[in-house]
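Below: one structure, written as structure tokens.
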Amino acid sequence: MEIASAQLPAIEASDDKIVTMANGVIMLDGASAFVPVPVPPAVYAAELGTQLKDHLVHAPGADLVEVLAEAIHDVAARFDLCPGESPSSTVTIVREHDGWLDMLLLGDNLVVLPTTIITDTRLSRLDLEPTRRYRQRLAGGFGFDAAHRAILRELQTQQAARRNRPGGYWIAEAEPAAAANALVRRFRIAEVPWVGLATDGAYKPMQHLLLDDWPQLASAEPEVLEQVLRRCEKWEAQDDPAGVDLPRAKRHDDKSIAIAMPTTRLHTADAITR
Numbered sequence: 004m005e006i007a008s009a010q011l012p013a014i015e016a017s018d019d020k021i022v023t024m025a026n027g028v029i030m031l032d033g034a035s036a037f038v039p040v041p042v043p044p045a046v047y048a049a050e051l052g053t054q055l056k057d058h059l060v061h062a063p064g065a066d067l068v069e070v071l072a073e074a075i076h077d078v079a080a081r082f083d084l085c086p087g088e089s090p091s092s093t094v095t096i097v098r099e100h101d102g103w104l105d106m107l108l109l110g111d112n113l114v115v116l117p118t119t120i121i122t123d124t125r126l127s128r129l130d131l132e133p134t135r136r137y138r139q140r141l142a143g144g145f146g147f148d149a150a151h152r153a154i155l156r157e158l159q160t161q162q163a164a165r166r167n168r169p170g171g172y173w174i175a176e177a178e179p180a181a182a183a184n185a186l187v188r189r190f191r192i193a194e195v196p197w198v199g200l201a202t203d204g205a206y207k208p209m210q211h212l213l214l215d216d217w218p219q220l221a222s223a224e225p226e227v228l229e230q231v232l233r234r235c236e237k238w239e240a241q242d243d244p245a246g247v248d249l250p251r252a253k254r255h256d257d258k259s260i261a262i263a264m265p266t267t268r269l270h271t272a273d274a275i276t277r
């Protein structure tokens, strides 16, 4: 699988993590912690990505739900994490195997195919009162002040009470059973020329600024993808520094984008041009 990607900030300074394999890509977005957690979100996401890659390199065709459950278990055991009191992360896995393109999505990352858009909306559908309140304050021009941060702490406390529970939302944290609630899709590789992946810190401003022309981005080099992310960050800083036009938890969220092209499709294209 050929993968082009970009991140802002660089992966070492980001809660977002992109992990690549010969036959796939993994994207994670460690949730910003506004209440204390025992391990930084970046550390949790990095370790989860490492565990997922190790499992999939060892067993390239393994069931993705089982792989995610094992990885969550292993990370929780390593850091002695408890459900409801631990860092969490979105997970996207795109894996090419035996003529199929397998996808797993847990959390609000975005997966885009030429004819399909996939994301997990269960967290946003909770429509919790602190979410409405912080967005109203931002729309009123109050910005990312101390009161805003206090509301976010209240929001995360309410979210934690609904995390990985029926009627709530599901995310990678310390409960392996969350993996069974991931969105799973399978496509014939012959039907998928490319797949786009993005974290919410990237795709939300991209959508707002009409920079989400995915068919065009599908052929872009990493430098072009980085330029898109930098345009988003510049707009956030210069045109919407208080979050009035695009309400969000932080002025700048970490941004990641990746384009994956299945190897079978690439080989077919090479054969046609020869």
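Be aware that the sequence shown starts at 4, since it is given in the numbering used here, and climbs by one per residue. Built from N, CA and C at the ideal position, the CB exists for glycine as well.
message: Extract the residue ranges of the alpha helix (DSSP H) inside the stretch 186-247, only unbroken runs of 4 or more that lie entirely within it.
response: 203-211, 217-220 and 225-241
Straight-line gap, H270 to T23 (C-alpha atoms, nearest Å): For H270, the predicted model reports a pLDDT of 48, less than 50, meaning its position is unreliable and no value from the coordinates is stated.
message: Going by DSSP in three states, H255 sits in which element: helix, strand or coil?
response: coil
message: How far does the alpha helix (DSSP H) with D19 in it extend, from its first residue to its last?
response: Segment D19 to M24 is the beta strand (DSSP E) holding D19; no alpha helix (DSSP H) there.
task: Could you tell me the boundaries of the beta strand (DSSP E) in which G64 lies?
output: Careful: G64 lies outside any beta strand (DSSP E) and carries neither H nor E.
task: Go ahead and pull the three-state DSSP assignment for I275.
output: With a pLDDT of 38 at I275, under the threshold of 50, the predicted position of this residue should be treated as unreliable, though the coordinate-derived value follows. Of the three classes helix, strand and coil, the one that applies to I275 here is helix, per DSSP.
- prompt: Below 8 angstroms between beta carbons: does that hold for F190 and L109?
  reply: no
task: In the DSSP assignment, find the beta strand (DSSP E) that holds L104 and state where it starts and stops.
output: W103 to L109
message: Less than 8 angstroms between the C-beta atoms of L200 and V28, yes or no?
response: yes
query: Quick one, are the C-beta atoms of L31 and V115 less than 8 angstroms apart?
result: no
- prompt: What's the gap between the Cα of P218 and the Cα of E157?
  reply: 40 angstroms
task: Just the C-alpha distance for A16 and L71, rounded to the nearest angstrom, thanks.
output: 24 angstroms
- prompt: Relative to the C-alpha of K237, which residue among I192, D66, P208 and G144 is closest?
  reply: P208
message: Looking at I192: is its Cβ nearer than 8 angstroms to the Cβ of P265?
response: yes
field: Cβ pair count under 8 angstroms reaching 3, the stretch 221-234 against the stretch 171-182
entry: no
- request: Could you check the C-alpha separation between Y172 and S259 for me, to the nearest Å?
  value: 22 angstroms
task: Ignore the nearest five residues each way along the sequence and tell me which others in A181's own chain have a CB closer than 6 angstroms to its CB.
output: N167 and W173
task: Excluding the 5 residues preceding and the 5 following D83 in the sequence, name in chain order all residues of the same chain whose CB lies nearer than 8 angstroms to its CB.
output: P41
Every unbroken alpha helix (DSSP H) within the stretch 139-165, with a cutoff of 4 residues, ordered by chain: 149-165
task: Please work out which residues of its chain come closer than 8 angstroms, Cβ to Cβ, to G246, disregarding the five sequence neighbours upstream and downstream, and give them in chain order.
output: L141, G146, F147 and R254
field: Proximal residues to A274 (C-beta, below 6 angstroms), its chain only, five neighbours per side dropped
entry: Interpretation of A274 is limited by its pLDDT of 40, a score under 50 that renders its predicted location unreliable; the figure taken from the coordinates is listed afterwards. Cβ within range, chain order: n/a, list empty.
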